[in-house]
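Sequential numbering of the sequence shown, starting at 812, is according to our numbering. Each remark here refers to the structure printed beneath this line.
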Amino acid sequence: MQLRYSFRLYPSAGQRTALARAFGCARVVYNDALRARETARSEGLPFPKTGDLSKALITRAKNTPERSWLGEVSAVVLQQSLRDLDAAYRNFFDGLKGKRPRMGAPRYKSRRDSRQAVRFTANARWSITPGHKLRLPKIGDLKVKWSRALPSTPSTVTVVKDSAGRYFASFVVETGTSEVLPRTTPELGIDLGLGHFAVLSDGTKVDSPRFLRRAEKRLKKAQRALSRKEKGSRNRDKARIRVARAHARVADARREFHHRLSTKLIRENQAVAVEDLAVKGLARTRLAKSVHDAGWSAFVGMLEYKAARYGRTFVKIGRFEPTSQVCSVCGVKDGPKPLHVREWTCGACGTILDRDINAAVNVAKAAGLAVSARGAQVRRGPVPAQRGETGTRPDPHPTTVRQTGIALL
812 MQLRYSFRLY PSAGQRTALA RAFGCARVVY NDALRARETA RSEGLPFPKT
862 GDLSKALITR AKNTPERSWL GEVSAVVLQQ SLRDLDAAYR NFFDGLKGKR
912 PRMGAPRYKS RRDSRQAVRF TANARWSITP GHKLRLPKIG DLKVKWSRAL
962 PSTPSTVTVV KDSAGRYFAS FVVETGTSEV LPRTTPELGI DLGLGHFAVL
1012 SDGTKVDSPR FLRRAEKRLK KAQRALSRKE KGSRNRDKAR IRVARAHARV
1062 ADARREFHHR LSTKLIRENQ AVAVEDLAVK GLARTRLAKS VHDAGWSAFV
1112 GMLEYKAARY GRTFVKIGRF EPTSQVCSVC GVKDGPKPLH VREWTCGACG
1162 TILDRDINAA VNVAKAAGLA VSARGAQVRR GPVPAQRGET GTRPDPHPTT
1212 VRQTGIALL
């Protein structure tokens, strides 16, 4: 499978200027190609092919005074910009056909976009120098903060500038079967929530870090300072970067938490099951901020690709499974319960069940995993009397009457 490895870049002032030039040229070619295709569509002309756009918007455009500066960047960057437009149209049409979730039509890029990126393939002849720097054509040798080793030779590298002004190098590498972990026995069901980020079918509860909630005071202060700056001023741009960096710290901490937890669960269990949550629907309720702060979709995505990478089994059950209504011990459906009910007693078997752990066990059972409620926090409650025994009273023992009579005599 293909994976992305991202590393922080520290370009010099001249290299930042060269990267800004590459971002701008790639954006112009993308917008020119999009405009050409939209014009052809509105006039009823055939859809322009990528090869024709490349000749008109790159090769011939370099010889014109208006676009002569396109020759100052690598031609591979411009070609990849056209490929990105092809991918955007392909995803849009596949969404209309039902092959993937629907998404909007390709839109024009702006220099004010929060994310700028250019991609270099092997044809660009980029390389990693003996001094462990990233050498890019017409940009130079960039300093890289290598946090880990690449598992194989990368095929492409994408240079990204985020909204906080940070630069990253994203490498695409191929991984083989050597990373498959040895088989293990445990199988796990996971119930995701807000009170606890994850509740496992073995009874473990993982607290929710609430990174956004904890950083709200600092974010509020930075946002207030930004609102007081004059629009278009350099001070406003500096304040905007401070707000972006504050949000980036929250996102990085959340991503680190997701990676650590997902790696731990995949390494320790042979199979993992989760529920397909309606995150978009929950994000339109009063719990929207907490739902976005939890980041369930990103966490489930990490579980899925890490299971495929390490040879584990990942199962996602339907969102309409009544995991909170069924007793995990006897299987009797007890009906829906309000959210404030965190513990309930099964009316059939008398087991006292923790709502979240019971749901995690039911998630695993619905996925076909061999789990039970034995490790969960359940306990046997008082068993109710049978219907035929209610209202009866045992007769007095005969000897008691005789002894009482003797005593009276």
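Positions of the beta carbon are idealized from the N, C-alpha and C atoms, including for glycine.
Let me know the secondary structure DSSP gives E849 once reduced to three states.
Position 38 of the sequence shown holds residue 849. Looking at E849 - three-state DSSP - the assignment turns out to be helix.
For the beta strand (DSSP E) containing Y978, list its first residue and its last residue.
Here residue 978 refers to the residue found at position 167 when the sequence shown is read from its first residue. Annotation: the continuous beta strand (DSSP E) that includes Y978 extends over 978-985.
Between L1030, A1118, E1086, F1068, which has its C-alpha nearest E1132's C-alpha?
The sequence position of residue 1132 within the sequence shown is 321, counting from 1. Ranking L1030, A1118, E1086, F1068 by Cα distance to E1132 puts E1086 first.
Suppose the cutoff is 6 Å on Cβ atoms and the five residues either side in sequence are ignored; what does the same chain contact list for R827 look like?
The residue you call residue 827 lines up with position 16 of the sequence shown. Answer for R827: no residue qualifies.
Does the distance from the CB of R946 to the CB of W957 come in under 8 Å?
As a working note, residue 946 is residue 135 in the sequence shown. As a working note, residue 957 is residue 146 in the sequence shown. The criterion of a C-beta distance shorter than 8 Å is not satisfied by R946 and W957.
Looking at the unbroken alpha helix (DSSP H) that takes in H1007, where does it start and where does it end?
Taking the sequence shown and counting its residues from 1, the one referred to as residue 1007 is at position 196. Counting along the chain, H1007 falls outside any alpha helix (DSSP H), though it belongs to the beta strand (DSSP E) covering 1007-1011.
Since S892 and F931 should fall inside the 8 Å C-beta cutoff, what is the C-beta to C-beta distance between them, to a whole number of angstroms?
In the sequence shown, residue 892 corresponds to position 81, counting from 1. In the sequence shown, residue 931 corresponds to position 120, counting from 1. Between F931 and S892 the Cβ distance is about 12 Å, and since that is not below 8 Å, they are no contact.
Going by DSSP, which residues form a beta bridge with Y821?
Within the sequence shown, numbered from 1, the residue matching residue 821 stands at position 10. Answer is K954.
Please classify R1123 as buried or exposed, where buried requires at least 16 other C-beta atoms within 10 Å of its C-beta.
Taking the sequence shown and counting its residues from 1, one reaches residue 1123 at position 312. The residue is buried, with at least 16 neighbouring Cβ atoms inside 10 Å.
Give the list of continuous beta strand (DSSP E) stretches no shorter than 3 residues that lie fully inside the region 1107-1189.
Listed in chain order, the complete beta strand (DSSP E) runs (minimum 3 residues) inside the region 1107-1189 are 1124-1128, 1154-1156, 1162-1165.
The beta strand (DSSP E) enclosing V887, as first and last residue numbers
Position 76 of the sequence shown, counted from the first residue, corresponds to residue 887. Looking at the DSSP string, V887 is not in any beta strand (DSSP E); the run it does join, the alpha helix (DSSP H), is 886-908.
Evaluate N1046 with the Cβ neighbour count: other Cβ atoms within 10 Å of its Cβ, from every protein chain shown; 16 or more gives buried, anything less gives exposed.
Residue numbering aside, residue 1046 sits at position 235 when the sequence shown is read from its first letter. Classification for N1046: exposed.
Determine the DSSP secondary structure at G855, reduced to helix, strand or coil.
The count along the sequence shown starts at 1 and reaches residue 855 at position 44. Residue state, collapsed to three classes: coil.
Going by the beta-carbon positions, is the gap between A829 and G1006 smaller than 8 Å?
Your numbering for residue 829 matches position 18 in the sequence shown. Your numbering for residue 1006 matches position 195 in the sequence shown. No.
Can you grab the Cα-Cα spacing for the pair A1138 / N1173, in whole Å?
Mapped onto the sequence shown, residue 1138 falls at position 327. Mapped onto the sequence shown, residue 1173 falls at position 362. Per the sequence shown, the amino acid found at residue 1138 is Cys instead of Ala. A straight line joining the alpha-carbon of C1138 with that of N1173 spans about 8 Å.
Measure from the alpha carbon of K1032 to the alpha carbon of each residue in S1012, V1010, A1055, then state which is nearest.
Locating residue 1032 in the sequence shown gives position 221, counting from the first residue. Closest by alpha carbon: A1055.
Pick helix, strand or coil for T1201, following the three-state DSSP scheme.
As a first step, residue 1201 must be located in the sequence shown, where it is residue number 390. Summary for T1201: the model assigns pLDDT 46, below 50, so the residue's position carries little reliability, and this model does not support an answer.
Other residues of its chain near A1084: CB distance less than 6 Å, five sequence neighbours each side excluded:
On the sequence shown, position 273 is the one that residue 1084 refers to. Closer than 6 Å at Cβ, skipping near neighbours: G1000, V1126, V1174, A1175, A1178, L1180.
Let me confirm a value: V1189 is counted as buried when at least 16 other C-beta atoms fall within 10 Å, else exposed. Which label applies?
For the purposes of this step, residue 1189 is taken as residue 378 along the sequence shown, with counting starting at 1. Residue placement at V1189 cannot be trusted, given a pLDDT of 46 that sits under 50; what the coordinates show is reported in the next sentence. By the Cβ neighbour-count rule, V1189 is buried, with 16 or more other Cβ atoms within 10 Å of its own.
A975 versus R832 - alpha carbon distance:
Translated into the one-based positions of the sequence shown, residue 975 becomes position 164. Translated into the one-based positions of the sequence shown, residue 832 becomes position 21. Our two residues, A975 and R832, have alpha carbons roughly 18 Å apart in a direct line.
Take T861 as the anchor and find which of R846, R894, F834, N874 has the nearest alpha-carbon.
One-based indexing of the sequence shown puts residue 861 at position 50. T861 has its Cα closest to that of R894, out of R846, R894, F834, N874.
With 16 other Cβ atoms within 10 Å as the buried cut-off, status of R1035:
Residue mapping note: residue 1035 aligns to position 224 of the sequence shown, counting from 1. With fewer than 16 Cβ atoms within 10 Å of its Cβ, R1035 is classed as exposed.
To the nearest angstrom, report how far apart R1185 and S1012 are at their CA atoms.
For the purposes of this step, residue 1185 is taken as residue 374 along the sequence shown, with counting starting at 1. For the purposes of this step, residue 1012 is taken as residue 201 along the sequence shown, with counting starting at 1. Low local confidence applies: a pLDDT of 46 at R1185 is under 50, so the model's placement there is unreliable, and no value is given.
So for V1212, helix, strand or coil by DSSP?
In the sequence shown, counting from the first residue as 1, residue 1212 sits at position 401. The pLDDT assigned to V1212 is 40, lower than 50, so where the model puts this residue is not dependable, and the model offers no usable value.
C-alpha gap between G942 and L820, whole angstroms:
For this step, residue 942 is matched to residue 131 along the sequence shown. For this step, residue 820 is matched to residue 9 along the sequence shown. Answer to the nearest angstrom: the Cα atoms are 14 Å apart.
Among the candidates A980, L1076, A1094, whose CA atom is the shortest distance from the CA of F1110?
Here residue 1110 corresponds to residue number 299 of the sequence shown, with the count starting at 1. Among A980, L1076, A1094, the Cα nearest to that of F1110 is on L1076.
Alpha carbons only, please: which of A872, T1096, S925, K1040 is nearest the one belonging to E834?
Residue mapping note: residue 834 aligns to position 23 of the sequence shown, counting from 1. According to the sequence provided, residue 834 is Phe. The question's Glu does not apply to it. Looking at the Cα atoms, S925 is the closest of the given residues.
To the nearest angstrom, how far is it from the Cα of A928 to the Cα of D905?
In the sequence shown, residue 928 corresponds to position 117, counting from 1. In the sequence shown, residue 905 corresponds to position 94, counting from 1. Computed Cα separation, rounded: 24 Å.
Leaving out five residues before and five after A1196 in sequence, what residues of the same chain have Cβ atoms less than 8 Å from its Cβ?
Within the sequence shown, the letter at position 385 stands for residue 1196. For A1196, the pLDDT reaches just 46, beneath the cut-off of 50, and the residue's location in the model is therefore unreliable, leaving the point undetermined.
8 Å contact criterion, which K920 and Y841 should meet: CB distance rounded:
Counting from 1 along the sequence shown, the entry for residue 920 is found at position 109. Counting from 1 along the sequence shown, the entry for residue 841 is found at position 30. 6 Å between Cβ atoms; contact.
Close Cβ partners of K1040 (< 6 Å) along its chain, the five nearest in sequence each way excluded
As a working mapping, residue 1040 is identified with position 229 in the sequence shown. These residues qualify, in order along the chain: N1046, R1047, A1050.
Look at R1245 and V1152 and say whether their C-beta atoms are less than 8 Å apart.
Given that the chain is displayed from residue 812 to residue 1220, the structure contains no residue 1245 and the question cannot be resolved.
Counted within 10 angstroms of its Cβ, other Cβ atoms place R922 as buried (16 or more) or exposed:
The residue given as residue 922 occupies position 111 in the sequence shown. R922 sits exposed, since fewer than 16 C-beta atoms from the chains shown fall within 10 Å of its C-beta.
State the start and end residues of the unbroken alpha helix (DSSP H) segment that holds D1048.
Position 237 of the sequence shown, counting from 1, holds the residue named residue 1048. That run of the alpha helix (DSSP H) goes 1045-1079.
CA-to-CA distance, R838 to A851, given in whole angstroms:
For the purposes of this step, residue 851 is taken as residue 40 along the sequence shown, with counting starting at 1. For the purposes of this step, residue 838 is taken as residue 27 along the sequence shown, with counting starting at 1. It is roughly 20 Å from the alpha-carbon of A851 to the alpha-carbon of R838.
What are the uninterrupted segments assigned as beta strand (DSSP E) that are 3 or more residues long and contained completely in the region 926-976, given in chain order?
List check, beta strand (DSSP E) in window: 927-931, 944-947, 951-956, 967-972.
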